[in-house]
Amino acid sequence: MSASAVYVLDLKGKRVPTPLFFLMQVLICRNYRGDVDMSEVEHFMPILMEKEEEGMLSPILAHGGVRFMWIKHNNLYRIPVLWSGGLGVTCPLAQDSWAARGHTVQRMLMVATSKKNACVSLVFSFLYKVVQVFSEYFKELEEESIRDNFVIIYELLDELMDFGYPQTTDSKILQEYITQEGHKLETGAPRPPATVTNAVSWRSEGIKYRKNEVFLDVIEAVNLLVSANGNVLRSEIVGSIKMRVFLSGMPELRLGLNDKVLFDNTGRGKSKSVELEDVKFHQCVRLSRFENDRTISFIPPDGEFELMSYRLNTHVKPLIWIESVIEKHSHSRIEYMVKGGKEYLMRAHFGLPSVEAEDKEGKPPISVKFEIPYFTTSGIQVRYLKIIEKSGYQALPWVRYITQNGDYQLRTQ
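In my numbering, the protein residues as written are 909 to 1321.
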């Protein structure tokens, strides 16, 4: 990979009194390799502010021979960096892009640094995985939860990465031996769960359920942008297959979809099929099997997880169409008339100051939120879901389809 250190930074911005200043504080860090000086963190924030002011902000920043790779989570910034430690740094910010005027803001970063020729995509994947693990442990990932659980976080950081290389990143496996509960002292060296070294590290052995069930949700989000003239400017479908698995033992599941590549190879090209793009699988899927016959074969983790995600960059006919007429009355009342299957008239009254802005107000697009059950825009279908386990028990598979809005906007005149 490899990363030298991982940092969780807390940024607090405040006007004192006019320019916006950010005070950077290292909440927690872990130095894995020791090949980057701890003081390098002091250079990160000034570079970040400088690039932001120039409009050239990038998720990868550099200072000397050190590369900073950083992500932001809610109010936390996480930067995987190949260094550790650092002091508070106060940096002026001329623009207001990081905070609302007159307000105190708080953000967190996770940063990783490296002097090596690291695989950047792997570093970012690891950082987002760290966020996921922390969120599953502490529910809310914020400054207070990090300060209150720093002992457990250090244990997690030691297990998540070893000498700069990702190790055990499955939260369900980590929760078997890194817990938030007290333990009685036992003689002898503690032994990690067998799942850590098993070929199937994402599922524990000996799982038992009285009722064996599998719930599969096909969820598609429609991203759509329509111009004021009614032309579709951008459209795509972003889909995912999420599962909740409650099965005993070590079952193998086989999932079949109406995949266009499979149908073409088997002479069923005229059947209704879907050509999936940018497919991403969970680590449990046997990729060699999928490449050979397009069968999604896997031993699932226990509980809830995302099996796969995909995208279709295709023309989408608008599912919901909105025509609106906006009228202003005496600068104090606005009427919106939205035409649908039926016509509804909405009168909205807002208390406004008597001072008028010299700049002409822009007309923001109309954002639509919706959810349509038992329907997929792409036409993807689950052809079969087979459950195979050596004990031969009967299991109940449940399949559900949902279409919902993504970034669904219609511009106004």
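Ideal Cβ positions, reconstructed from N, Cα and C, are used throughout, including at glycine. This structure is a prediction, so every number in the text was calculated from the model and none was measured.
Beta-bridge partners of GLU1279 (DSSP): GLN1312.
Around the CB of TRP1110, 16 or more other CB atoms lie within 10 Å, so the residue is classed as buried. Where LEU1163 is concerned, the enclosing beta strand (DSSP E) starts and stops at 1160-1165. Around the C-beta of CYS937, 16 or more other C-beta atoms lie within 10 Å, and the residue is accordingly described as buried. LEU1318 is bridged by DSSP to VAL1134 and ILE1274. Beyond the five residues adjoining it in sequence on each side, PHE1032 comes within less than 6 Å, by CB distance, of no other residue in the same chain. Assignment of beta-bridge partners to ALA1303 by DSSP yields no partner.
Shown here, MET1018 sits in a strand according to DSSP, grouped into three states. When LYS1298, ILE1228 and TYR915 are compared, the shortest CA-CA separation from VAL1130 is found for ILE1228.
In this structure, the beta-carbon distance from VAL1122 to ILE1296 does not fall below 9 Å.
Cβ-Cβ separation between VAL1153 and GLY1211: approximately 7 Å, consistent with a contact (criterion under 8 Å).
Remark: fewer than three beta-carbon pairs, one from each stretch, lie closer than 8 Å, so the stretch 1302-1316 and the stretch 1194-1214 are not flagged as touching. Rounded to whole angstroms, VAL1140 and VAL1134 show a C-alpha spacing of 4 Å. Here the alpha carbon of ARG1055 sits roughly 14 Å from the alpha carbon of LEU1064. Between the beta-carbon of GLU1051 and that of LEU956 there is about 19 Å, and that puts the pair past the 8 Å contact cut. Bounds of the beta strand (DSSP E) holding GLU1185 are 1185-1189. Distance between CYS1192 and VAL916, taken at the CA atoms: about 29 Å.
Here ASP1056 carries a helix assignment [DSSP, helix/strand/coil]. In the DSSP assignment, MET1069 forms a beta bridge with PRO1074. DSSP places GLU960 within a helical segment (H, G or I) once states are collapsed to three. Here ARG938 carries a strand assignment [DSSP, helix/strand/coil].
Counting along the chain, SER910 sits inside no beta strand (DSSP E), nor does DSSP assign it H or E at all. For TYR1062, DSSP records no beta bridge to any residue. Here the alpha carbon of ILE1230 sits roughly 34 Å from the alpha carbon of MET1151.
Of all alpha-carbon atoms in PHE1071, GLU1144 and ALA1136, the one lying nearest the alpha-carbon of ALA913 is that of PHE1071.
In the structure shown, GLU1199 adopts helical secondary structure according to DSSP, grouped into three states. Residue environment for ARG941: buried (at least 16 other C-beta atoms within 10 angstroms of its C-beta). In the DSSP assignment, VAL1169 falls outside any beta strand (DSSP E) and lies within the alpha helix (DSSP H) extending over 1168-1173.
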